[in-house]
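Participant:
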């Protein structure tokens with residue numbers, strides 16, 4: 001029995017002050033590791049095969065398309081994009097308005113089309129072709145600096161390319177991961193995705209970045225949903241590893 005499990009009282013309820021004290025006594029690292037171990041047992045079966053990309057540019061464009069939309073719309077837009085333009089060089093020379101029409105399912109298509117064309121142009125200027133394969137021979141900091149210099153590419157996008165396309169440890173935090181980290185209590189309620197990414201990246205061991213990121217996303221999609229989270233069936237709640245359920249409920253919480 002952990003300290004947190006010991007906070008469950010004889011009546012089956014929870015002693016708010018005791019649980020909060022126990023959470024305080026645990027280091028943030030211990031708290032997070034306990035929780036992600038629980039999430040791994042719950043969601044590891046949903047993880048895809050762990051691979052890296054032959055062409056990291058594919059992942060970069062996919063992540064740009066994912067901004068401010070869901071996976072279904074992102075994937076549809078990417079499918080249409082690659083069907084219409086088999087080579088990235090084809091995208092580079094197409095009209096921006098035409099590109100925007102093709103990727104319309106992703107939303108904000110005019111902005112994303114402009115960013116994609118600018119990104120492809122800068123990559124070609126730097127490496128001589130529409131390819132990010134040269135990144136594989138660069139140091140992590142060099143990769144981060146280059147990707148961060150591209151329009152529309154922020155810390156989350158950089159981390160996604162590092163982790164999923166290059167196999168380099170990084171912990172991406174989007175609005176959904178940030179919401180869950182705030183709700184559980186790992187970071188401040190006012191923490192931005194960028195701030196949360198720095199905190200969680202320093203707390204979670206590098207060899208767990210990939211699995212923890214995916215399991216947190218699965219938990220957010222299936223149990224810790226944005227509205228009306230299913231706290232009564234949440235194993236983090238059952239193990240007293242979440243502060244959200246201890247808060248006084250005043251209407252629907254959207255943290």
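In UniProt numbering, the protein residues as written are 1 to 255.
Cβ atoms here follow ideal geometry from the backbone N, Cα and C, with glycine treated the same way.
Everything numeric in this text was worked out from a predicted model, so none of it was measured.
#1: Is the distance from the Cβ of residue 192 to the Cβ of residue 181 below 9 Å?
#2: Alpha carbon to alpha carbon, what distance is there between residue 212 and residue 162?
#3: Is residue 138 helix, strand or coil when you go by DSSP?
#4: Going by DSSP in three states, residue 87 sits in which element: helix, strand or coil?
#5: Could you work out which residue in 117, 171 and 69 is closest to residue 202 when comparing CA atoms only?
#6: Determine the burial state of residue 155: buried for a count of at least 16 other Cβ atoms within 10 Å of its Cβ, exposed for fewer.
#7: Below 7 Å CB to CB, which residues in the same chain sit around residue 92 once its five sequence neighbours on both sides are set aside?
#8: In its own chain, which residues sit with a C-beta less than 7 Å from the C-beta of residue 43, not counting the 5 before and 5 after it?
#9: Using the three-state DSSP reduction, which class does residue 55 fall into: helix, strand or coil?
#10: Nearest by alpha-carbon distance to residue 149: which of 166, 173, 134 and 115 is it?
#11: Give me the Cα-Cα distance between residue 151 and residue 194, rounded to the nearest whole angstrom.
#12: Runs of 4 residues minimum, wholly inside the region 153 to 223: which ones carry the alpha helix (DSSP H) assignment?
#13: Should the region 53 to 62 be called in touch with the region 130 to 146, which here means at least 3 C-beta pairs below 8 Å?
#14: Here's a check: name, in chain order, each residue in its chain whose Cβ is nearer than 6 Å to the Cβ of residue 185, leaving out the five neighbours to either side.
#15: Would you mind stating whether residue 108 and residue 68 have Cβ atoms separated by less than 9 Å?
#16: Skipping 5 residues on each side, what residues in its chain have a beta carbon closer than 6 Å to that of residue 128?
#17: Using only the alpha-carbon positions, how far apart do residue 86 and residue 199 sit?
#18: Closest by CA to residue 97, which one among 111, 89 and 106?
#19: Determine the direct distance from the alpha carbon of residue 80 to that of residue 94, and round the result to whole angstroms.
#20: Would you mind reading off the limits of the alpha helix (DSSP H) that contains residue 128?
#21: What separation, rounded to the nearest whole angstrom, lies between the Cα atoms of residue 30 and residue 187?
Facilitator: Inspection of the coordinates gives the following:
#1: Position 192 of the chain shown, counted from the first residue, corresponds to residue 192. Position 181 of the chain shown, counted from the first residue, corresponds to residue 181. Against a cut-off of 9 Å, the Cβ pair of residue 181 and residue 192 comes out as no contact.
#2: The residue given as residue 162 occupies position 162 in the chain shown. The residue given as residue 212 occupies position 212 in the chain shown. Straight-line Cα distance between these residues: approximately 15 Å.
#3: Locating residue 138 in the chain shown gives position 138, counting from the first residue. Correct three-state label for residue 138: coil.
#4: Here residue 87 is taken as the residue at index 87 of the chain shown, counted from 1. In the structure shown, residue 87 sits in coil (DSSP, three-state: anything other than H, G, I, E or B).
#5: Position 202 of the chain shown holds residue 202. Looking at the Cα atoms, 171 is the closest of the given residues.
#6: For this step, residue 155 is matched to residue 155 along the chain shown. Buried, because 16 or more other Cβ atoms sit within 10 Å of the Cβ of residue 155.
#7: To locate residue 92, count along the chain shown from 1; it is residue 92. Annotation for residue 92: 117, 120, 121, 124 and 130 place their beta carbon closer than 7 Å to its own, counting only its chain and skipping 5 residues before and after.
#8: Along the chain shown, one-based indexing puts residue 43 at 43. If we look at residue 43 and ignore the five residues flanking it on each side, its Cβ neighbours are 215, 218 and 219.
#9: Walking along the chain shown from the start, residue 55 turns up at place 55. Here residue 55 sits in coil by DSSP.
#10: The residue given as residue 149 occupies position 149 in the chain shown. When each option's Cα is compared against that of residue 149, the closest is 115.
#11: By one-based count along the chain shown, residue 151 stands at place 151. By one-based count along the chain shown, residue 194 stands at place 194. Here the alpha carbon of residue 151 sits roughly 17 Å from the alpha carbon of residue 194.
#12: 155 to 160, 175 to 184, 193 to 203 and 209 to 222
#13: yes
#14: Mapped onto the chain shown, residue 185 falls at position 185. Excluding residues within five positions, the ones whose Cβ falls inside 6 Å are 243.
#15: Reading the chain shown from its first residue, position 108 is the one you call residue 108. Reading the chain shown from its first residue, position 68 is the one you call residue 68. Cβ distance < 9 Å, so residue 108 and residue 68 count as in contact.
#16: Walking along the chain shown from the start, residue 128 turns up at place 128. Excluding sequence neighbours, residue 128 sits near nothing in its chain.
#17: Residue 86 sits at position 86 when you count from the first residue of the chain shown. Residue 199 sits at position 199 when you count from the first residue of the chain shown. Rounded to whole angstroms, residue 86 to residue 199 spans 39 Å at the Cα level.
#18: Residue numbering aside, residue 97 sits at position 97 when the chain shown is read from its first letter. The candidate whose alpha carbon is nearest that of residue 97 is 111.
#19: Taking the first residue of the chain shown as 1, we reach residue 94 at position 94. Taking the first residue of the chain shown as 1, we reach residue 80 at position 80. Rounded to the nearest angstrom, the two C-alpha atoms are 14 Å apart.
#20: As a position in the chain shown, residue 128 is number 128, starting the count at 1. Premise fails: residue 128 is in no alpha helix (DSSP H) and is neither H nor E.
#21: Within the chain shown, numbered from 1, the residue matching residue 30 stands at position 30. Within the chain shown, numbered from 1, the residue matching residue 187 stands at position 187. Each residue's alpha carbon lies about 14 Å from the other.
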